[in-house]
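Worksheet: the structure to be examined is printed underneath.
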Amino acid sequence: MTGADAVDVPAFARAQLSLLAAELAAEIAESSALVALHSPAALQRAGVAIANLTVASQRTGLGGKTVLELGPDPATTSSTGAGTAGTELPEHGIRVGDIVLVAEQPSAAGVKKKEARAMEGRGVKGVVTRVGRGVVGVAVDDGGEDGGNSGKEDYGVEGLVAGDKRVWIVKVADDVTFRRMNATMERLAKMEEREYSSFVRVLFGLSSPSPVPADLTKDEEVGEIEWVDPTLNDSQKDAIRFALASREIGLIHGPPGTGKTHTLIELILQLIKRNLRILVCGPSNISVDNIVERLVPHKVPLVRLGHPARLLPSVLNHSLDVLTRTSEAGVIVKDVRAEMDAKQASIRKTRNGRERRAIYADLKELRKEYRERERRCISDLVGGSKVVLATLHGAGGFQLRGERFDVVIIDEASQALEAQCWVPLLAANKAICAGDHLQLPPTIKSLNSKSKAAASSSSSSSSKKGKHGDTGGEDVLKGTTLETTLFDRLLKLHGPSIKRMLTTQYRMHEAIMRFPSDELYEGKLIAAEGVKARLLKDLPYEVEDTDDTRAPLIFIDTQGGDFPEKNEDEQDTAGGGGKKLTKSSLYGDSKSNEMEAALVRQHVRGLVDAGVKPEDIAVVTPYNAQLAILAPLKDIFPGIELGSVDGFQGREKEAVIVSLVRSNPDGEVGFLGEKRRLNVAMTRPKRSLTVIGDSETVKKGSKFLKDWMEFLEENADLRYPDLASLNQEA
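Position in the sequence shown counted from 1, then plus 1244, gives you our numbering.
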């Protein structure tokens, strides 16, 4: 390992701190701008808020948190006879697991920027635990482990409950993740070189990884493996042997549909057989829950850390919160919880301010006692567990403080910020990272030029303080962005010797797989026997044999300029007084193509008429404005799924229609030119991929796009739309 390859650890940590400060500033600027520019009613229509609520009740939830039950304000709704209160919530986009601010509602005219910044001080943050027809449950922060609004939240809750105030909830940036990443980077920045473990030295290129034998089937250390699942293919078995043999770091490269999670399950079971302690992490709750679901049938003793509101119902029984109540150790906290519930109920019964404050003071003490008892219980449960699962930032909670693990497994490592990965990595001696660096990296808001401008003052002012030796942008390592993941960096640092690739894919028809395999995966992907020739007409229910159901690959080419794109600014305006607020317009400039959307509708109609169920069809597009135009498809074909390409990563459907949108005389393709985004789009379907776009425009974007258009022209069922029939149908 040459000195030129090595990374200066303190400089790396300071660079990350500077980049993270800019990213958090961009997120906060975006959410503050939304609140400042739009009224509560407009934000509600756009799906990021619910207005005109009152606190119906409060109780003690899991983890001793206060849960506020919020319902429609009777003064603003007419009784419909639905539910106990006779009112239902309006249509909204708030979902279980969202981070929201509960605050007293401002006037309908919107909020001044100064007021928007001050809102968090007056309200309380929390996690949405329940969304019903007439109620939303929010578990609010109580100033616990991550600082929160410590010292203010009881006053905040008291202020919201007192006097039956009208409140609203608004989605906000999750700063807990940033606090944990920052704490980890600060720890790295302060670490002396003599404190670096051999594991840390390898991850920063200060040492080379221990060599792995060429033939792992004969390696004594790996030994003869008794496979839990003997049906694993050769590339999966090789990746598992490699992961077992690696001393410090191993990368498992899993292209789309190659059974990456299936491979990780076998790896975890083999590590358990070797009596090793394992921490399994991923960037999202769903990535971790998928692993929990697949481990449960193997009767593996495990603990899942995480807020219960964000976990799949199927894994709740393995969550720390449920285990602390159902285990023997959990009995000791039940009496305190019962007392807290009684106090919560009494708050609603008193109108006397002094009495209320006394009850809140008692609750604060009870909550403290609850946490101390619960912590002892948690320490016993976690300390005795061989397998612990958490999100990457969840591994930074108090529950794992001081815990050590033999191996950390990071799933979807190519979708995670590197700083996030270091939260669990500092608790380990070895890491196995699984992912696909040829699909989309994590979304970085501060890379957007508008976000940069919005965040610059905040990040520069914080960097000037000189805290932690951070001198801001000067310390950012050359060329480093938050898009550079740990997976990317290690591959560049140590080369392919630390990686094994899975090569058999179980998702796509061979014709759909061919282009991404040849262009991105060195032609190494092989379609499994059971999937390589399957078509829509062969679905396990009755589907007609038509042109649409017998072709695995269809390209509807709109070349010729009859299907022009539109900018967001060209969308309809409300009463001529400015841009209409939609979900798409909330998130910056976007593009749409109404004629292309009509072609999507026509093709979906053809599939459904042939017998394909709408729930087996997905429409994906890179542009939010196009999604807004396509939204009526959900009413016409209930069950169909619409999504952005970015949001559909990791998903699959029998039939996928990709709307490329871009069509202009200048050949501008925008972020359609990102080959990783196109890779995601073209690898979602199982039996049918339909691409709709203007080949003349798209070809000009890049060599990759030109090659793709030419591949489609030669290998797809090529169609040119009939504008007359489209107008007639409309």
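Ideal Cβ placement from N, Cα and C applies to all residues, glycine included.
Whole-Å CB distance - residue i paired with residue j, under 8 Å assumed
i	j	result
Leu1515	Val1651	6 Å
Glu1656	Gly1679	6 Å
Leu1564	Leu1549	5 Å
Gly1348	Val1292	As written in the sequence, residue 1348 is Glu, which differs from the Gly given in the question. Glu1348 to Val1292, Cβ: 18 Å. No contact.
Val1905	Thr1934	15 Å between Cβ atoms; not a contact.
Phe1731	Leu1508	About 14 Å separates the two Cβ atoms, so there is no contact after all.
Ala1975	Gly1449	Outside the shown range of the chain (1245 to 1974) lies residue 1975, about which nothing can therefore be said.
Ala1854	Asp1792	6 Å
Leu1734	Leu1447	7 Å
Val1852	Leu1874	That belief does not hold up - the Cβ atoms of Val1852 and Leu1874 are roughly 15 Å apart, past 8 Å.
Ala1925	Phe1799	Wrong, their Cβ atoms sit about 13 Å apart, outside the cutoff.
Euclidean distance between Cα positions of residue i and residue j
i	j	result
Arg1569	Leu1625	11 Å
Gly1883	Glu1859	4 Å
Gln1225	Ile1493	Because the chain spans 1245 through 1974 in this model, residue 1225 falls outside it and cannot be assessed.
Ala1586	Arg1595	17 Å
Gly1337	Asn1837	24 Å
Glu1332	Ala1319	13 Å
Phe1256	Ala1266	16 Å
Lys1696	Ile1603	Confidence is the limiting factor: at Lys1696 the pLDDT is only 46, short of 50, which leaves the residue's position unreliable and the question unanswerable from this model.
Lys1919	Phe1948	7 Å
Arg1423	Lys1612	22 Å
Asp1473	Arg1431	41 Å
Glu1763	Met1757	10 Å
Ile1484	Tyr1750	18 Å
Gln1659	Ser1623	30 Å
Arg1598	Thr1310	20 Å
Ser1442	Val1340	42 Å
Val1889	Ile1901	11 Å
Pro1500	Asn1923	9 Å
Leu1261	Met1425	8 Å
Glu1727	Val1577	43 Å
Thr1941	Gln1803	8 Å
Leu1281	Ser1275	10 Å
Ala1300	Arg1778	53 Å
Pro1965	Leu1780	22 Å
Unbroken beta strand (DSSP E) run spanning residue i, endpoints
i	result
Asp1981	Only positions 1245 to 1974 of the chain appear in the structure, and residue 1981 is not among them; the question remains open.
Ser1932	Pro1929 to Gly1937
Asn1534	Counting along the chain, Asn1534 falls outside any beta strand (DSSP E), though it belongs to the alpha helix (DSSP H) covering Asn1529 to Leu1539.
Arg1303	Ala1293 to Thr1304
Ser1903	Lys1897 to Ser1903
Ile1413	Val1411 to Lys1415
Reduced DSSP category for residue i - H, G, I as helix; E, B as strand; rest coil
i	result
Glu1773	coil
Ala1250	coil
Val1456	coil
Lys1612	helix
Ile1676	strand
Gly1370	strand
Thr1570	helix
Asp1650	coil
Leu1555	coil
Asp1806	coil
Ser1836	strand
Met1745	strand
Gly1190	Here the chain covers residues 1245 to 1974 and nothing more, so residue 1190 does not appear.
Ser1441	coil
Leu1264	helix
Gly1887	strand
His1497	strand
Asn1477	coil
Glu1727	coil
Ile1688	coil
Phe1511	Here the sequence assigns Leu to residue 1511, which means Phe is not the residue at that position. Residue state, collapsed to three classes: helix.
Ala1755	helix
Glu1313	strand
Residue i: first and last residue of the uninterrupted alpha helix (DSSP H) it sits in
i	result
Thr1421	Asp1419 to Lys1434
Asn1959	Lys1947 to Asn1959
Ala1671	Per DSSP, Ala1671 belongs to no alpha helix (DSSP H) and is neither H nor E.
Ile1880	Leu1877 to Ile1880
(Q) Check whether the segment 1637-1645 and the segment 1473-1492 are in contact - that is, three or more C-beta pairs closer than 8 Å. (A) Per the Cβ contact rule, the segment 1637-1645 is not in contact with the segment 1473-1492 (fewer than 3 Cβ pairs under 8 Å).
**Q.** contact_flag[the segment 1796-1812, the segment 1529-1542] where n(CB pairs < 8 Å) is 3 or more
**A.** Judged by Cβ distances under 8 Å, the segment 1796-1812 makes no contact with the segment 1529-1542, as fewer than three pairs qualify.
Q.
With three or more beta-carbon pairs closer than 8 Å as the criterion, would you say the segment 1278-1290 touches the segment 1680-1692?
A. Contact between the segment 1278-1290 and the segment 1680-1692 is absent, because fewer than three Cβ pairs lie under 8 Å.
Q. Is there contact between the segment 1511-1529 and the segment 1538-1545, where contact requires at least three CB pairs shorter than 8 Å?
A. The segment 1511-1529 is in contact with the segment 1538-1545.
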